[in-house]
Each structure stands twice: as C-alpha cells, then as structure tokens.
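Everything below concerns the one structure shown next.
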Amino acid sequence: MKDQHSSGQNGTDVTVIGLGPMGSALAEAFLGNGRSLTVWNRTPGKADALVAKGANRTTTVAEAVAASPVTIMCLNDYTTMYRVLDSAGGAFEGRTLVNLNSGTPAQARAAADWAAERDLDYLDGAIMVPPPLVGHPESVFLYGGPRDVFDQNRATLALLGDPRYLGADPGLAVLFNTALLAMMYATLNGFLHGAALVGSADVPAVEFAELALGWFMPVVLAPASLAEHAPNLDEGVYPGDLGTMEMNLNALEHIARTSVEQGVHSDLPRLMKELAEQAIALGHGAENYFAMFEVFKKSAAETGGSR
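Here it is in structure tokens:
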C-alpha cells in the first residue's frame with residue numbers, strides 16, 4: 061500500500077507512533093486483527109515491514125495524529141513524547157492519545173494536564189508483557205484516566221491484550237507498573253543471591269533451582285498464601301502467634317553472617333536485617349513479618365533508615 065501523505069484522507073482506525081520492538085508489536089497486533097493502521101517513526105525505514113503488510117506511513121507527526129481518532133504512543137519517556145508531539149500542532153483536537161511510555165506517576169499526571177490544554181482525551185498506560193506476548197488475550201495492559209475515554213476505546217485496546225482500568229488518576233498505571241517491577245526485581249535478586257550462597261559451596265544453580273523453584277516458592281511463598289495476608293495489610297493487623305519480627309530478625313542476621321562467611325555479596329541481606337531492626341524500633345517486634353509493610357509505607361527519614 062502506498063504511503064499516506066495527506067492528513068484527513070483515507071483515515072485509519074488507529075495510529076501508532078514509535079516503532080521500536082514494542083511499538084512494532086503493537087502495530088502488528090492491530091494489523092493482525094484487521095484494523096486499518098497509520099504509523100510514524102523518526103526513522104521511516106522502521107515502518108517498511110508494516111507498510112508491506114498494509115499500514116499507512118506518514119511523513120509528519122501531524123499527519124499521523126490527524127489520520128486516526130486514536131493515537132497509541134510507545135516512546136522511551138515523556139520528554140521524548142513532548143518533543144515528538146509538539147510538532148503536531150492542532151491535529152490533536154477532538155482526538156484520543158493513549159500513552160504507553162515509561163516514567164513516573166508525576167510525569168503521567170503532568171502529561172494528562174498537557175493533553176487537556178490541547179483538547180486531547182488522554183489515557184496513560186503500562187505494558188506488562190514483552191513484545192512477543194502483545195496481542196494475546198491474557199496479556200495485561202494497565203490504564204489510568206477518565207473512565208469514559210477508556211470505555212470508548214476499550215475494544216481497540218483489547219486487541220493488544222487484557223485492558224485493566226485502574227481509575228481516573230492517570231498516574232495509576234505507571235505506579236502499578238513500578239510496584240510490580242519492584243516486586244519482580246526483589247524476587248529475582250532473592251533467587252540470584254540464594255543461588256550465589258549455595259554456589260559458594262560448589263552447588264550448581266540447577267540443583268538449587270530444583271528445590272527453590274520446584275518446591276519452596278510454590279509451597280512456602282504460594283500466591284494464595286500471600287493473598288490471604290492482603291486484608292491484614294489494609295487493616296494494619298499483624299498477629300505474631302506463628303512468628304514475630306524479632307524471630308525473623310534472628311534469621312536475617314544469620315543470612316547476613318553466612319553471606320560474609322561464604323564470601324558472597326552481603327549488602328542485600330544486611331539491608332533486610334536493617335529493615336527488620338527499623339520495624340522493631342517502631343514497635344512491631346511482637347508482630348509478624350508482614351508488619352514490614354508499616355516500614356515501607358514511610359520514608360527512610362521517618363524510620364531512621366540510612367539509605
């Protein structure tokens with residue numbers, strides 16, 4: 061199909077701006093579901109494969125935005141978004157922007173204000189899967205912003221995966237994304253540090269993984285078990301009848317000492333020990349380990365932390 065060079069002609073269902081690996085995956089999902097598509101990228105050649113499959117390519121951002129009622133952006137960050145979209149001028153008016161950039165909640169809220177000043181409906185979103193999983197029904201995408209804007213575009217967003225609406229606050233999607241990534245990295249670091257510990261005794265990581273991932277995590281740290289404690293977090297109730305923070309501090313001290321003795325990196329276990337000490341100093345010594353939630357809800361300055 062020929063490139064589209066004039067805005068407003070041969071309009072398409074959706075526009076995708078930014079054709080890195082993720083943006084290209086988004087565009088492929090729309091094309092694979094029979095939606096007409098306009099694309100723009102700073103390096104035009106990145107659109108060649110999509111144009112060959114039927115996408116329309118524009119030479120300017122203004123043409124790209126004007127070509128469709130909804131524009132999906134997938135750029136590196138909000139600064140790049142502003143730099144790209146500032147050239148669109150009045151092409152925004154009456155249209156919808158779904159921003160899937162990375163950043164912070166404050167940046168997302170500022171972007172929503174920026175969009176409102178330009179009469180542009182705005183949703184801020186977060187992609188929770190890698191590019192190969194885009195377009196799968198079970199792949200979760202998070203969105204924050206006006207409910208009516210989400211509802212109007214839900215069918216389009218559902219072509220990318222499972223659209224989860226979090227609320228009117230445009231910063232919620234980025235906030236959830238950050239929280240889930242923090243959990244991911246904490247889990248990865250725990251596994252990697254554990255493998256390093258047993259590796260110091262020449263135990264292969266494969267042998268450790270068999271026990272750690274084959275039994276320990278699914279049984280001892282089962283999602284259902286953690287979910288049972290979620291109501292207690294909301295209520296601030298942490299009964300210590302099956303184990304207290306002071307008991308856990310003893311275990312954390314052993315982890316830190318063992319790390320030093322075995323010659324592996326000890327900063328992570330030392331930090332965990334320090335956090336438990338902060339929890340006890342705040343009066344949670346007789347409560348269970350989930351009382352650490354009360355520490356994480358505060359700043360380091362409030363808890364006496366040094367990091």
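The sequence shown runs contiguously to residue 367 in my numbering. We put the beta carbon where it would ideally sit given N, CA and C, even for glycine. On a predicted model such as this, the values are computed, not experimentally measured, just so you know.
Do we get a CB-CB distance below 7 Å when we pair residue i with the residues of chain B?
i: T318; result: Reference to chain B is not applicable here, since this structure consists of a single protein chain.
Could you name the residues that DSSP lists as bridge partners for residue i?
i: W100; result: I77
i: V158; result: I132 and L183
i: L202; result: A186 and R224
i: R330; result: BP columns for R330 are empty, so no partner.
i: R117; result: V99
Let me confirm a value: residue i is counted as buried when at least 16 other C-beta atoms fall within 10 Å, else exposed. Which label applies?
i: L135; result: buried
i: K62; result: Residue placement at K62 is flagged as unreliable, the pLDDT there being 34, under the threshold of 50; the coordinate-derived value follows with that caveat. Exposed.
i: V355; result: buried
i: W275; result: exposed
i: Q64; result: Confidence at Q64 is low in this model, with a pLDDT of 39, below 50, so its placement is unreliable and the value that follows should be read with caution. Label assigned to Q64: buried.
i: Q69; result: A caution first: Q69 carries a pLDDT of 44, below 50, which makes its placement in the model too unreliable to give a value.
i: P283; result: exposed
i: V158; result: buried
In chain order, what residues of the same chain lie with their CB nearer than 8 Å to the CB of residue i, ignoring the 5 residues before and after it?
i: G195; result: A85, E88, A89, G92, N93, L219, L220 and G221
i: A122; result: S67, S147, A148, G149 and A151
i: G227; result: G204
What residues in its chain sit with their C-beta under 7 Å from that of residue i, if we drop five residues either side in the sequence?
i: S272; result: Sequence inspection shows Ala at residue 272; the Ser mentioned does not correspond to that position. Counting only Cβ-Cβ distances below 7 Å, and skipping sequence neighbours, we find F251 and G254.
i: E313; result: K333
i: G345; result: T304, M305 and E306
Out of the options, point me to the one whose CA is closest to residue i's CA.
i: T72; options: P81, D208, G80 and I132; result: I132
i: D173; options: G154, V280 and G205; result: G205
i: G259; options: M244, Q322 and Q212; result: Q322
i: V324; options: A261, N213, V279 and M141; result: A261
i: G154; options: I340, L193, D179 and L145; result: D179
i: V209; options: P230, E198 and P191; result: P230
i: G163; options: K113, I187 and D181; result: I187
i: A311; options: L342, E337 and G343; result: E337
Kindly give me the distance between the Cβ atoms of residue i and residue j, rounded to whole angstroms, as I take these residues to be in contact under 8 Å.
i: L377; j: F350; result: Residue 377 lies beyond the stretch modelled for the chain, which goes from 61 to 367, so this question has no answer here.
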